[in-house]
Amino acid sequence: MQESVLVYRNFLYLKVSAAAAGASLFAYVWHTPLGQPNGGTWLGYTLGVVSLGIVIWLAWYGIRKRRYGVGRARLEDWLSAHVYLGLALVVIATLHAGFQVGWNVHTLAYVLMLLVIASGAFGIYTYVRIPGLITANRAGLTLEQIMALIAELHEDCRKVAVTLGDEINELVQRSAEESHIGGNVWQQLSGRDPLCPTAEALVRVRAIARDLPQAQSENGRKLVLLLARQSELLGQARRDVRFKALIDVWLFVHVPMTLALLAALAAHVVSVFFYW
Ligand code: HEM
Ligand code: HEM
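Just so we're on the same page, this note's numbering is the position in the sequence shown counted from 1, plus 5.
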């Protein structure tokens with residue numbers, strides 16, 4: 006799923022959605038209701054019903070995409086329509102409400118809708134951009150290969166460190182035992198560890214290596230190179246985890262907010278029928 010989603014069928018869904026938003030805008034400007042434009046005029050009702058229809062169709066995507074036997078091409082087709090119709094909602098629903106917002110359940114529905122749309126926009130950005138960033142970051146390796154290289158380097162570092170005294174030994178030992186990749190959601194998303202024991206070992210060993218006696222200086226230099234390579238691979242692995250987390254994280258907003266939106270819209274429609 007790459008740019009093709011956005012250019013699907015030569016931007017067919019962009020054109021359809023732009024036409025729908027354009028027609029709503031035209032009707033809104035042309036319409037001269039009694040009093041202020043609002044959701045309760047005939048145009049207001051029409052745009053409200055159209056918005057609700059679009060929201061239900063978009064929410065249904067979650068079910069359709071899990072149906073057995075749906076081909077990739079169909080899914081891309083639907084997703085393309087999903088993205089553009091979702092964006093058109095910003096115009097159609099705003100005109101439905103006639104720019105009237107306040108502290109009420111109607112505006113709650115509106116804000117939830119904007120949150121779903123904003124998270125979706127972030128989501129489509131990750132779908133298009135991140136696969137390329139992952140490939141570039143891995144530089145031809147798989148994550149498993151990167152992890153295996155890190156483990157090998159830990160071993161090499163240990164072997165060299167035993168010839169270099171207690172302080173260096175402890176630093177290397179700690180870097181092997183306490184350097185980690187991933188962790189909680191925030192650690193995964195940050196893609197870095199500011200307190201990484203390997204990075205710290207690299208800085209300290211580099212400083213100590215400058216004053217090592219002649220007999221040990223060769224090994225000191227070697228250890229610095231090994232730790233630098235290890236630190237670089239750890240950075241690569243953390244970025245990989247970060248990219249994967251970014252692909253998933255927005256769905257934790259998009260999906261629950263969709264459910265909240267459907268509930269708020271039900272309340273909006275029911276309350277409107279009560280008071281009108
Ligand atoms: C995505 C769907 C919808 C959204 C986001 C939405 C949002 C809003 C908002 C923000 C207002 C302005 C409330 C205010 O004056 O403070 C409004 C008004 C209104 N909406 Fe909707 N609405 C949607 C769908 C619908 C539907 C399906 C109906 C009817 C079946 C409807 C009927 C109305 C009515 C009658 C008003 C005027 C209420 C008033 O001025 O107090 N809306 N809507
Ligand atoms: C009110 C508007 C919207 C609603 C109710 C909605 C709802 C949904 C739902 C229920 C899913 C399925 C998630 C899952 O089960 O994995 C989904 C997926 C998705 N939505 Fe939306 N969405 C809306 C607007 C948007 C917009 C405006 C965009 C982009 C600009 C967008 C981008 C996406 C993407 C990229 C996916 C994932 C597709 C996949 O994994 O196959 N959505 N949306």
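Think of the CB as a built atom: it goes at the ideal place given N, C-alpha and C, for glycine as much as any other residue.
- Around the beta carbon of Asp171, fewer than 16 other beta carbons lie within 10 angstroms, which makes this residue exposed.
- Separation of Leu169 and Leu231 (C-alpha to C-alpha, rounded to the nearest whole angstrom) is 14 Å.
- The three-state secondary structure of Pro42, taken from DSSP, is coil.
- For Pro261, the secondary structure class from DSSP, reduced to helix, strand or coil, is helix.
- Taking 7 Å as the cut-off, one finds at least one heavy atom of ligand 2 near enough to the beta carbon of Leu94.
- For the pair Gly44 and His273, the Cα-to-Cα distance works out to about 11 Å.
- If you compare the alpha carbons of Ile61, Gly188, Trp47, Val277 with that of Leu266, the shortest gap goes to Ile61.
- Under the DSSP assignment, Leu90 falls in the alpha helix (DSSP H) whose first and last residues are 77-101.
- By the CB criterion at 8 Å, Gly91 and Ile122 fall inside the cutoff.
- With fewer than 16 other Cβ atoms from the protein chains shown falling within 10 Å of its own Cβ, Tyr73 counts as exposed.
- Glu81 and Leu48 have their C-alpha atoms some 33 Å from each other.
- Here Leu228 has Cys162, Val165, Ala166, Leu169, Ile173, Val177, Val210, Ala214 as same chain residues with Cβ atoms under 8 Å from its own Cβ, once five neighbours each way along the sequence are excluded.
- For secondary structure counted as the alpha helix (DSSP H) over 4 or more consecutive residues, the stretch 194-267 holds these complete runs in sequence order: 202-215, 219-254.
- For Lys20, the enclosing alpha helix (DSSP H) starts and ends at 9-35.
- Counting C-beta pairs with one atom in each stretch, the stretch 16-31 and the stretch 233-253 have fewer than three that are closer than 8 Å, which means they do not touch.
- Between ligand 1 and Ser56, a heavy atom-to-CB distance of less than 7 Å is present.
- Listed in chain order, the non-local C-beta contacts of Ala26 below 7 Å within the same chain comprise Ala93, Val96, Ile97, local neighbours out to five positions each way being set aside.
- No residue range can be given for Arg72, since it is assigned to no alpha helix (DSSP H) and is classified by DSSP as neither H nor E.
- Note on geometry: alpha-carbon atoms of Leu113 and Phe127 lie some 21 Å from one another.
- Here the stretch 253-262 lies against the stretch 127-138, with 3 or more beta-carbon pairs under 8 Å apart.
- Pairing Gly53 with Arg69, the inter-Cα distance amounts to about 24 Å.
- Distances from the CA of Trp83 to each of Glu223, Tyr13, Val55, His111 were compared; the closest alpha carbon is that of Tyr13.
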